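Participant: I have a structure I would like to understand better, so I am pasting it below and will then ask my questions one at a time.
In structure tokens, the structure reads:
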């Protein structure tokens, strides 16, 4: 690889025609600087596969301040500081800041050793405490009140001499939402970077000992069987069984709308009431699972939009009636996991290597429950509550006439929402109308238009000179950025989409490209699913499809793990599969090589 | 095998000194329950008897032993003369009778057979030396079989082999050549496989190379084979490269031997093995490796028919893998005081 065949420089990226004003959506510190041309940046298509609305840029701003704080300042990782991000034409590019000076690495290692060692040593008990803290944050975000701004304050405020009127809480409580979101992200990275470290160590060992081993095989040795990601789908299957048992299964037919089914159940006496009772229990918390991975406001949870569970239920009900749904063969999966691990272990030539293998695999299995389950607490449960709370502020702004509709709040940057709330606060206090409508509504209209234009831009996979070494193990683990990957970005095959080989096997079939979980009703039996991302909420569709392809994800992503359990090929982390493949295309999915070919 | 036997059934061949490396390994495979084409071995003892008959006092062999290693012209002249005698001299009657009886036992009429050299020094010597030994495919009839056995023996005296022995200073009266006579197979596809990756040395995979028809197309370098990699642990086919296979070596029965033609267009770029066949081969490879207790280099053939893939596999050869076995790999890792120390050292070291 030579520099001559490198990627475009950040300064060479032109504004997308018709969206020249994209910078207005994002903070000044997210813009590429002249010196950034000297560094290698890659497009974080995994988390940001589409242009980000103005508010949603918090999902880069806040996670990156948390990740960097964790690696650079909290645990003091010896070889890496944090991750920097830039936004161009609505897409997020990132680069890791390495530490290269051996003396400095040594100085940092002195601090890192005891700190990281402490966490690994007390992992399980720390994780228990972690869950409590994050559940606390979830309760806090749910409990935040969005002021209703009544005509005048309640008696209590006076007779309990509280002395503070509601308009004060507009800005304070909005700020609290962001503060809680930031805290959640600090906890998200608190254990995650170390957890990934354990994975990286084991992956590297396996790749050295068995140069031809696939990532997915290593992942199979690590993967836990009893993890939260299966729970929402299991709950859905249980509800399908219950519907049949109670004799209310006739309501669950293809095409039935959630609200109609729920209303009909109200009229079905004890049986209906019993089902609704169990449904309510399942919803909290398991329906807090997101249809995406929590980086966009439109990644809704099952609770926010019941379309997904109610699209899946008729199929499960039919399966129950046709003889039942087999439970996940957990014992068999467990035995298979042990068989694979033992098989590789036996091939190691020395006892020392076997002992090292045991240590590394043991460490991976120790951290696995956290690494897998944290997503449910953070990206799914907390984040979908967070966005809904922001939407409540949007509803208030719409009620007072600043916004045309509640969802428009996501087209304002969080600092702009602060401004709008200050405006509303002053107007309420003064008894005058707020001025935000005239100021923000044209801006929002332009941004909606720009996002549509930006959606069609194909971002280069990377920018700047190709690096000599990829230093940050977390970057390698999370984003799969390796020398081979960069090579394939430099020399792409026009008919081949390259991603991570996530679940083995080769199949051909007709593609169904779904951009949104709401479209899953259009999916036909035996099609190949092509999506931006799959999350546990998508699990019901795996019973219908022949293979799965996603823009986002690595060999440990949800889609990968579920596909391996179903024994179907999957290629994840393709970056732009949903752009390059169209519904109706005949494609060959090669889950061994990690490629999807349009035939 | 009783000492001094002139032929021995393949399934009973066990001593490399008597049956040669190839014969002994085929016998070993047969006894392990692996399918090999039925056949027999013309032993080193038969060779010794034949050579003793044409060079009773050992004078001719003494002449070869006395050749200077650097004198290629001289080696060529003497070796050619000796080869001519080996090919032309009538076999001692007991030897001819034993071979003819072995051949007759292989089937009614005149079955087609492969006549394959099986040098007694093959496995211990340089691989390039092993490659110098001759193999004849599609031999048919008792008299042609006798002729080809003599040709195999004569190949022990081709110029390169003699020069090789002279360079190593090997005594001529110590060299011997067994010959394997086996029923011909006309496989749908054939090739080689290694129970570790020939490229990376990875012991967790079976690497298979194959082509349509006889494996001779692959061994002779006439085609670029298809290649497949199978994980021994998960059974998954993790590598798959289908090459355009331009030439096809086919066995034509009834003594008509081997033809070389262009591969029919429909087959050229089609994989020469189905997934089931690939997995069945990998299973056999693992079985053979376990039986030997060391990585193997195996020649295989996949027969035509509707039977399950596992029942259509025959092996033609298995020998220890030598390239990676000769390398000593440094251990990849050693245990540490605490498991977490592995992570600390990964993040702590400059990359």
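Residue numbers (my numbering), protein chains in the order written: chain A, 101 to 699; chain B, -16 to 334.
Heads up, the beta-carbon is just placed ideally off N, CA and C, and yes, glycines get one too.
Everything numeric in this text was worked out from a predicted model, so none of it was measured.
(1) Within the 8 Å Cβ cut-off, does residue 432/A reach chain B?
(2) Any C-beta of chain B sitting closer than 8 Å to the C-beta of residue 113/A?
(3) Are residue 669/A and residue 607/A touching if we call contact CB-CB under 8 Å?
(4) Where do the N-terminal and C-terminal ends of the beta strand (DSSP E) with residue 230/B fall, by residue?
(5) Apart from the five residues just before and just after residue 271/A, which ones in its own chain have a Cβ nearer than 8 Å to its Cβ?
(6) Mind listing the chain B neighbours of residue 294/A? Cutoff is C-beta to C-beta under 8 Å, in chain order.
(7) Check whether the Cβ of residue 463/A lies closer than 8 Å to any Cβ atom in chain B.
(8) Who pairs with residue 136/B in a beta bridge, going by DSSP?
(9) Report the residue from 10/B, 50/B, 82/B and 62/B whose alpha carbon sits nearest the alpha carbon of residue 336/B.
(10) By the 10 Å Cβ neighbour count, where 16 or more other Cβ atoms means buried, how is residue 558/A classified, buried or exposed?
(11) With a Cβ-Cβ cutoff of 8 Å, do residue 645/A and residue 627/A count as a contact?
(12) Per DSSP, what kind of secondary structure is residue 214/B in: helix, strand or coil?
(13) Helix, strand or coil: which one does DSSP assign to residue 279/B?
(14) Listing by chain order, which chain A residues have their CB less than 9 Å from the CB of residue 181/B?
(15) What's the call for residue 110/A, buried or exposed, on a 16-neighbour Cβ count within 10 Å?
(16) Suppose contacts are defined by Cβ-Cβ distances below 8 Å. Is residue 95/B in contact with residue 122/B by that definition?
(17) For residue 548/A, count neighbouring C-beta atoms within 10 Å of its own C-beta (all shown protein chains included) and say buried if the count is 16 or more, exposed if not.
(18) Going by other Cβ atoms of all chains shown within 10 Å of its Cβ, with 16 needed for buried, is residue 299/A buried or exposed?
(19) Listed from N- to C-terminal order along the chain, which residues in the stretch 435 to 446 of chain A have their beta-carbon within a distance smaller than 7 Å of any beta-carbon of chain B?
(20) When the Cα atoms are used, what is the spatial distance from residue 204/A to residue 211/A?
(21) Residues in the same chain with beta-carbon distance under 6 Å from residue 155/B, minus the five sequence neighbours each way, listed in chain order, please.
(22) With DSSP collapsed to three states, give me the class of residue 321/A.
(23) Going along the chain, which unbroken runs of the beta strand (DSSP E) with 3 or more residues stay wholly within the stretch 237 to 275 of chain B?
(24) What would DSSP say about residue 187/A, mapped onto helix, strand or coil?
(25) Could you check which residue in 484/A, 433/A, 461/A and 268/A has the C-alpha nearest to that of residue 316/B?
(26) Check distances from the C-beta atoms of the stretch 200 to 233 of chain B to those of chain A and list, in chain order, the residues that come in under 8 Å.
(27) Residue 126/A by DSSP, collapsed to three states: which one?
(28) Identify each residue in the stretch 284 to 316 of chain B for which the Cβ-Cβ distance to at least one residue of chain D is less than 8 Å, and report them in chain order.
(29) Does DSSP put residue 661/A in a helix, in a strand, or in coil?
(30) From the beta carbon of residue 329/B, is the nearest beta carbon of chain A less than 8 Å away?
(31) So what does DSSP say about residue 118/B, is it helix, strand or coil?
(32) Quick check on residue 106/A: does DSSP put it in helix, strand or coil?
(33) Give a yes or no on whether 8 Å exceeds the smallest Cβ distance from residue 323/B to chain A.
(34) For residue 190/B, which of helix, strand or coil comes out of DSSP?
(35) Just to confirm my understanding: we take residue 464/A, look at its own chain, exclude 5 residues before and 5 after, and list those with CB closer than 7 Å. What are they?
(36) Can you check whether the C-beta of residue 599/A is within less than 8 Å of a C-beta belonging to chain B?
Facilitator: Quick answer:
(1) So no, residue 432/A is outside the interface.
(2) It does not; no Cβ of chain B falls within 8 Å.
(3) Cβ distance < 8 Å, so residue 669/A and residue 607/A count as in contact.
(4) Residue 230/B -> beta strand (DSSP E) spans 230 to 235.
(5) Counting only Cβ-Cβ distances below 8 Å, and skipping sequence neighbours, we find 518, 521, 522 and 525.
(6) In chain order: 326.
(7) It does: the Cβ of residue 463/A has a partner Cβ on chain B nearer than 8 Å.
(8) Beta-bridge annotation (DSSP): residue 136/B is not paired with any residue.
(9) There is no way to answer for residue 336/B, as the model of chain B reaches only from -16 to 334.
(10) Exposed.
(11) Cβ distance < 8 Å, so residue 645/A and residue 627/A count as in contact.
(12) Strand, per DSSP.
(13) Residue 279/B falls in the strand class under three-state DSSP.
(14) Those within 9 Å of residue 181/B in chain A number zero; the least Cβ separation is about 11 Å.
(15) With 16 or more Cβ atoms within 10 Å of its Cβ, residue 110/A is classed as buried.
(16) Contact: yes.
(17) Under this definition residue 548/A is an exposed residue.
(18) By the C-beta density criterion, residue 299/A is buried, having at least 16 other C-beta atoms within 10 angstroms.
(19) Cβ contacts with chain B come from 440, 443 and 444.
(20) In this model, residue 204/A and residue 211/A are separated by some 11 Å (Cα to Cα).
(21) If we look at residue 155/B and ignore the five residues flanking it on each side, its Cβ neighbours are 44, 47 and 48.
(22) In this structure, residue 321/A counts as helix in the three-state DSSP scheme.
(23) With a minimum length of 3 residues, the continuous beta strand (DSSP E) runs that stay inside the stretch 237 to 275 of chain B are 240 to 245.
(24) Strand at residue 187/A.
(25) Closest in C-alpha terms to residue 316/B, from the list 484/A, 433/A, 461/A and 268/A, comes 461/A.
(26) Across the stretch 200 to 233 of chain B, CB contacts with chain A closer than 8 Å involve 212, 214, 215, 216, 217, 219, 220, 221, 222 and 223, in sequence order along the chain.
(27) Reduced to three states, the DSSP call for residue 126/A is coil.
(28) The structure shown contains no chain D; the protein chains it does contain are A and B.
(29) Residue 661/A falls in the helix class under three-state DSSP.
(30) Closer than 8 Å to some Cβ of chain A, the Cβ of residue 329/B qualifies, so yes.
(31) For residue 118/B, the three-state secondary structure derived from DSSP is strand.
(32) Under the three-state reduction of DSSP, residue 106/A is assigned to coil, being neither helix nor strand.
(33) Yes, contact with chain A.
(34) Residue 190/B: strand per DSSP, three-state reduction.
(35) Hits under 7 Å: 298, 299, 302 and 322.
(36) The C-beta of residue 599/A comes no closer than 8 Å to any C-beta of chain B.
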